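Residue numbers (my numbering): 1 to 91. Virtual Cβ for every residue (Gly too), placed ideally from N, Cα, C. Computed from a predicted model, the values in this text were never measured in an experiment. I have placed the structure first, in the form of structure tokens, so that the comments after it can refer back to it.
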């Protein structure tokens, strides 16, 4: 499962030291190196986006990635807040 985080955190520092920008295509993962590019696919509608890891999380059981608000919009799961995903390292 994926979730997202958005505008309320704009400007806060991510674990990588960057300022969080909800309009950027970024994501949080517990173990992948900062700067890693992932292609995340929404299993409910087939939409996919590429995001760059710049933060740590999610820290909710059953969730594997937190994406930015922009990525969640592109994946079309803002209304639900969470969605089933799979992801791959970018080529």
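- Using a 10 angstroms sphere on the CB of residue 44, the tally of other CB atoms stays under 16, which defines it as exposed.
- Residue 69: not part of any beta strand (DSSP E); member of the alpha helix (DSSP H) spanning 69 to 75, first to last residue.
- Annotated as proximal: residue 87 and residue 41, with beta-carbon spacing under 8 Å.
- Taken atom to atom, the span from the alpha-carbon of residue 25 to that of residue 62 is near 22 Å.
- For residue 89, the closest C-alpha among the options 52, 22, 6 and 59 is that of 52.
- For residue 50, the closest C-alpha among the options 15, 12 and 73 is that of 73.
- Per the DSSP secondary-structure output, residue 38 pairs in a beta bridge with 51 and 89.
- In the three-state reduction of the DSSP assignment, residue 33 falls in the coil class.
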